[in-house]
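Reviewing the structure listed below.
In this note's numbering, the protein residues as written are 5 to 422.
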């Protein structure tokens with residue numbers, strides 16, 4: 005019955021990433037046979053029917069890619085703030101500062117709630133309504149809670165979002181302002197996620213859609229649009245290198261999947277994009293495993309200022325490692341001071357004020373260049389996933405007025421302004 009609900013979709017079911025077991029399109033995120041993660045499985049023949057012209061004639065948001073997603077072909081089925089088609093910025097001054105030939109910044113802070121999470125929430129909640137859920141929820145490090153609460157407000161659906169108690173104040177306010185329930189949990193994100201997983205098994209939460217738990221396969225697919233968009237904005241070609249921030253690792257794997265998929269179905273010419281992952285040294289289980297030459301993730305207790313990336317037990321970590329290794333890419337981790345300098349450098353050279361995750365990406369880009377892992381001559385795209393106004397505390401002590409003067413020409417002259 006569930007597949008009948010998705011009759012207009014190119015998705016044919018769910019498939020286990022570990023053992024290839026298949027399932028109908030249901031609300032489930034783990035394989036019953038091996039407990040591996042599930043993802044959406046597509047009919048590639050249907051995807052191959054999608055043309056560039058069809059996409060370009062679509063709406064000015066992620067739903068132009070609806071024929072490549074599990075949901076959204078019918079506009080009436082969409083639960084969305086209509087995110088997407090965010091700027092791809094020619095970062096020529098940042099490239100010059102770093103000694104690079106060609107560098108772009110994909111700036112997803114331009115989405116409705118100012119992070120890339122609007123993409124994944126739109127796909128997850130569109131699936132949620134099809135599957136009969138009547139309340140929206142999530143476990144979040146901040147940006148996801150903002151997006152779920154905002155989507156629920158727009159759709160007129162109740163929401164309940166769960167966050168660690170020590171999030172940045174800006175993200176707490178932005179989640180609360182939309183009027184849903186906001187639950188601060190005394191613990192880390194991993195504690196929050198564990199609680200939400202347990203809640204999905206209770207009768208009281210039977211009709212609640214946790215976008216990144218019981219709807220995770222649909223949720224993750226929204227990140228593919230960040231790959232499709234970059235290819236389209238580059239004139240339907242693939243970049244040579246990308247640097248992507250990692251929390252669970254899923255964003256990186258889905259961008260990689262979109263690049264491979266777009267070439268496979270003929271939207272772009274075949275080509276291999278070298279994929280690089282960026283983490284904070286305060287929470288770097290994926291980068292540490294990569295450096296150790298293993299795909300076994302050792303969970304950590306997160307610290308540091310990049311709280312949106314603070315997932316100590318990242319579910320998609322092994323798959324992110326596989327994507328980087330298979331493409332000849334790499335990973336690196338950076339300190340809090342390097343993150344702050346990354347935020348400042350990006351702002352000073354592009355006019356983009358990124359949250360701390362963006363600082364992680366810029367600092368990692370610099371480190372990968374210095375170590376020789378990343379080619380300065382190759383066309384490169386880096387991803388900024390959120391707005392700097394959400395994480396003001398991280399850099400507020402480093403910047404301020406360059407001069408303080410009295411309101412007179414004499415004072416201005418004495419200060420060296422004349």
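Idealized CB from N, CA, C, for every residue including glycine.
Taking 7 Å as the cut-off, decide whether the C-beta atoms of residue 384 and residue 327 are in contact.
-> If you check the CB distance, residue 384 and residue 327 do not come in under 7 Å.
What are the uninterrupted segments assigned as beta strand (DSSP E) that are 3 or more residues long and contained completely in the stretch 260–343, given in chain order?
-> Here the runs fully enclosed are 278–284, 334–338.
Are residue 75 and residue 45 closer than 7 Å when you measure CB to CB?
-> No, Cβ-Cβ distance for residue 75 and residue 45 is not below 7 Å.
Extent of the continuous alpha helix (DSSP H) to which residue 167 belongs | Note, residue 167: premise wrong, no alpha helix (DSSP H); beta strand (DSSP E) at 163–168.
What residues in its chain sit with their C-beta under 6 Å from that of residue 262, if we drop five residues either side in the sequence?
-> Cβ-Cβ distances below 6 Å link residue 262 to 228, 231, 232 in the same chain, with the five nearest sequence neighbours on each side left out; the list follows chain order.
Residues of its chain near residue 339, where Cβ-Cβ distance is below 6 Å and the 5 sequence neighbours each way are ignored | Same-chain partners within the cutoff: 285.
Nearest to residue 215 by CA position, among 103, 30, 324, is which residue?
-> Of the listed residues, the one whose Cα sits closest to residue 215 is 30.
Selected residue, minimal CA-CA separation from residue 360, among 113, 412, 138, 323 = Of the candidates 113, 412, 138, 323, the residue whose Cα lies closest to the Cα of residue 360 is 113.
What residue from 88, 93, 146 has the CA that sits closest to residue 127's CA?
-> Of the listed residues, the one whose Cα sits closest to residue 127 is 88.
Just to confirm, are residue 156 and residue 140 a CB contact at a threshold of 7 Å?
-> Cβ atoms of residue 156 and residue 140: closer than 7 Å.
Chain-order list of residues whose beta-carbon lies under 7 Å from that of residue 35 (same chain, five-residue window excluded) | Cβ neighbours of residue 35 beyond the five flanking positions: 20, 22, 23, 25, 42.
7 Å Cβ cutoff met for residue 196 and residue 246 = Against a cut-off of 7 Å, the Cβ pair of residue 246 and residue 196 comes out as no contact.
Rounded to whole angstroms, how far is the Cβ of residue 293 from the Cβ of residue 302, which I believe are closer than 8 Å?
-> Residue 293 to residue 302, Cβ: 7 Å. Contact.
Residue 348 vs residue 174 beta-carbon contact at 7 Å = Not a contact, by the Cβ cut-off of 7 Å.
Could you check the C-alpha separation between residue 334 and residue 350 for me, to the nearest Å?
-> Distance between the alpha carbons of residue 334 and residue 350: 21 Å.
Secondary structure at residue 220, three-state DSSP: helix, strand or coil?
-> Residue 220 falls in the helix class under three-state DSSP.
Simplified DSSP assignment, three categories, for residue 193 | Three-state result, residue 193: helix.
Closest by CA to residue 48, which one among 184, 125, 268, 170?
-> The shortest C-alpha separation from residue 48 is found at 268.
Residue range of the beta strand (DSSP E) that includes residue 18 = For residue 18, the enclosing beta strand (DSSP E) covers residues 15–20.
Bridge partners of residue 388, per DSSP?
-> For residue 388, the beta-bridge partners assigned by DSSP are 111.
Classify residue 3 as buried or exposed, calling it buried when 16 or more other Cβ atoms lie within 10 Å of its own Cβ.
-> Nothing can be reported for residue 3, as the shown portion of the chain is limited to 5 through 422.
Starting from residue 213, trace the beta strand (DSSP E) both ways and give me its first and last residue.
-> First-last of the beta strand (DSSP E) with residue 213: 212–214.
Alpha carbon to alpha carbon, what distance is there between residue 370 and residue 84?
-> Approximately 36 Å, taken between the alpha carbons.
Identify, in the order they occur along the chain, each residue of the same chain with its Cβ nearer than 6 Å to the Cβ of residue 358, setting aside the five sequence neighbours on each side.
-> Answer for residue 358: 347, 350, 388, 392, listed in chain order.
Going by CA-CA distance only, name the one from 178, 170, 221, 202 that's closest to residue 148.
-> Answer by Cα proximity: 178.
Residue 105 and residue 418 look like a contact to me (Cβ under 8 Å); what is the Cβ gap, rounded to whole Å?
-> Contact between residue 105 and residue 418 is ruled out by a C-beta separation of about 45 Å, above the 8 Å threshold.
For residue 194 and residue 315, believed in contact at Cβ under 8 Å, the rounded distance | Their Cβ separation, rounded to whole angstroms, is 7 Å, which keeps residue 315 and residue 194 in contact under 8 Å.
Taking the C-alpha atoms as reference points, what is the distance between residue 373 and residue 81?
-> If I take the Cα positions, the gap works out to 45 Å.
Which partner residues of residue 139 appear in the DSSP bridge assignment?
-> DSSP, once it has assigned bridges, lists 212 as partnering residue 139.
Own chain residues within Cβ distance below 6 Å of residue 367, not counting five before or after | Result list for residue 367: 338, 342, 343, 346, in chain order.
Drop a sphere of 10 angstroms on the beta-carbon of residue 352, count the other beta-carbons inside from all chains shown, and report buried for 16 or more, exposed for fewer.
-> Under a 10 Å Cβ-count criterion, residue 352 is classified as exposed, with fewer than 16 other Cβ atoms of the shown protein chains found around its own Cβ.
Host alpha helix (DSSP H) of residue 133 (start-end) | According to the DSSP assignment, residue 133 belongs to the alpha helix (DSSP H) that extends over 121–134.
Roughly how many whole angstroms lie between the Cα atoms of residue 12 and residue 56?
-> In a straight line, the C-alpha of residue 12 is about 20 Å away from that of residue 56.
Which term fits residue 15, buried or exposed, when burial requires 16 or more other beta carbons within 10 angstroms of its beta carbon?
-> Looking at its Cβ environment, which holds 16 or more other Cβ atoms inside 10 Å, residue 15 is buried.
Residue 176 - DSSP class collapsed to helix/strand/coil = Assignment of residue 176 by DSSP, reduced to helix, strand and coil, places it in the helix class.
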